[in-house]
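For the sequence shown, the working numbering gives the first residue as 29, with consecutive numbering after it.
All C-beta atoms, glycine included, are put in the ideal place defined by N, C-alpha and C.
Every value quoted in this text rests on a predicted model; they were computed, and no experiment measured them.
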Amino acid sequence: MRRVVSLFLPHWSTDRLRRKTAKSPPEAGKPQLPLVTAMPDHGRRIIASVDQAARRLGIMPGMTITRARMLSPDLHIVDADPDADWEGLRRLTLWAGTRYSPIVSPDPPDGIWIDITGCAQRFDNERALLKDLHRRVAANGLGVQIAVADTAGCAHAVARHVPSGRPTTILPGEHRNAMALLPISGLRLDAVTVDGLRKLGFERVEQIIATPRGPLAKKVRTQSAPPAGSGAGLCTRTTAADLSRSSAEQPP
Numbered sequence: 029m030r031r032v033v034s035l036f037l038p039h040w041s042t043d044r045l046r047r048k049t050a051k052s053p054p055e056a057g058k059p060q061l062p063l064v065t066a067m068p069d070h071g072r073r074i075i076a077s078v079d080q081a082a083r084r085l086g087i088m089p090g091m092t093i094t095r096a097r098m099l100s101p102d103l104h105i106v107d108a109d110p111d112a113d114w115e116g117l118r119r120l121t122l123w124a125g126t127r128y129s130p131i132v133s134p135d136p137p138d139g140i141w142i143d144i145t146g147c148a149q150r151f152d153n154e155r156a157l158l159k160d161l162h163r164r165v166a167a168n169g170l171g172v173q174i175a176v177a178d179t180a181g182c183a184h185a186v187a188r189h190v191p192s193g194r195p196t197t198i199l200p201g202e203h204r205n206a207m208a209l210l211p212i213s214g215l216r217l218d219a220v221t222v223d224g225l226r227k228l229g230f231e232r233v234e235q236i237i238a239t240p241r242g243p244l245a246k247k248v249r250t251q252s253a254p255p256a257g258s259g260a261g262l263c264t265r266t267t268a269a270d271l272s273r274s275s276a277e278q279p280p
């Protein structure tokens with residue numbers, strides 16, 4: 029049975045910046061200025077990513093800087109750097125490929141796929157592997173949510189829509205039940221398709237599951253995003269050549 033891990037880094041861009049400017053995680057309980065990254069958008073600047081503190085204040089990606097400063101006058105703003113985000117994610121993926129599985133892939137902009145099929149024995153069992161992964165990534169100052177399932181789509185959706193302080197395991201064969209009550213945005217569809225489904229009254233995955241595919245396809249023009257559970261283009265094998273091109277990110 030195939031087992032796929034989705035490692036989701038909900039504050040990847042801002043966490044990466046904090047790691048770059050600090051050698052160790054902030055002291056427990058010590059307040060930090062909210063941190064966001066910004067990018068230009070038709071003559072204005074908008075929020076590209078936010079840290080946890082900024083999100084708690086209601087600051088969200090897509091919001092204008094002017095509006096964000098109204099919510100937090102002392103907001104720390106840094107120019108977004110998608111290339112650096114991608115390079116950091118690639119290096120973290122290579123690290124995962126050397127420790128957990130030879131089959132890994134970045135899941136940009138803020139995640140990693142790890143196909144752990146047949147790899148759990150190295151850690152005695154799947155639970156121990158996931159615990160080790162979560163501990164090492166979190167200890168490196170990164171916010172992390174992890175889910176494992178027998179389909180890529182299920183792992184991806186659960187990691188992003190079922191917040192948990194520990195890895196979430198979906199037992200083999202339970203992926204449909206696990207996704208049933210999740211929002212349709214968890215299906216990895218493009219924004220236009222999700223909006224079209226919502227206009228038709230669809231809010232949860234269980235409603236999609238219960239609807240015949242033929243009639244539904246006629247009502248909503250789906251784009252090229254792979255359907256949940258397909259795992260299309262999921263992972264690429266980490267090779268020695270990949271590792272030689274740059275050093276891997278090394279969580280402690």
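- Counting along the chain, the unbroken alpha helix (DSSP H) around Ser41 starts and ends at 40-49.
- Distance from the CA of Leu103 to the CA of Leu244, rounded to the nearest whole angstrom, comes to 44 Å.
- About 19 Å separates the CB atoms of Ala82 and Pro68; that is not less than 8 Å, and the two are not in contact.
- One alpha carbon belongs to Arg127, the other to Ala148, and they sit about 11 Å apart.
- In terms of Cβ geometry, Gly171 and Pro38 form a close pair [threshold 8 Å].
- If you compare the alpha carbons of Gly169, Thr94, Thr121 with that of Arg46, the shortest gap goes to Gly169.
- Here the C-alpha atom of Gly139 lies approximately 32 Å from the C-alpha atom of Pro240.
- For Asp160, the uninterrupted alpha helix (DSSP H) segment begins and ends at 154-167.
- Looking at the backbone, the Cα of Ile93 and that of Asn153 are separated by about 47 Å.
- For Glu234, the closest alpha carbon among the candidates Gln173, Leu215, Ser34 is that of Leu215.
- Taking the Cα positions, Arg194 is about 14 Å away from Ala183.
- The stretch 154-238 contains, as complete beta strand (DSSP E) runs of 3+ residues, the segments 173-177 (chain order).
- For the pair Leu217 and Arg232, the CB atoms are not nearer than the 8 Å cut-off.
- For Thr145, the three-state secondary structure derived from DSSP is coil.
- The straight-line gap separating the alpha-carbon atoms of Val190 and Pro101 is approximately 31 Å.
- With fewer than 16 neighbouring CB atoms inside 10 Å of its own CB, His70 falls in the exposed class.
- Taking C-alpha positions only, Pro200 is separated from Ala96 by approximately 43 Å.
- A residue is called buried when at least 16 other Cβ atoms come within 10 angstroms of its Cβ; Ala219 does not meet this threshold and is exposed.
- Of the candidates Asp113, Ala177, Phe230, Lys227, the residue whose Cα lies closest to the Cα of Asn205 is Ala177.
- Closest by C-alpha distance to Pro211, out of Thr145, Ser129, Arg188, Asp113, is Arg188.
- By the Cβ-count criterion, Asp107 is exposed, with fewer than 16 other Cβ atoms from all chains shown falling within 10 Å of its own Cβ.
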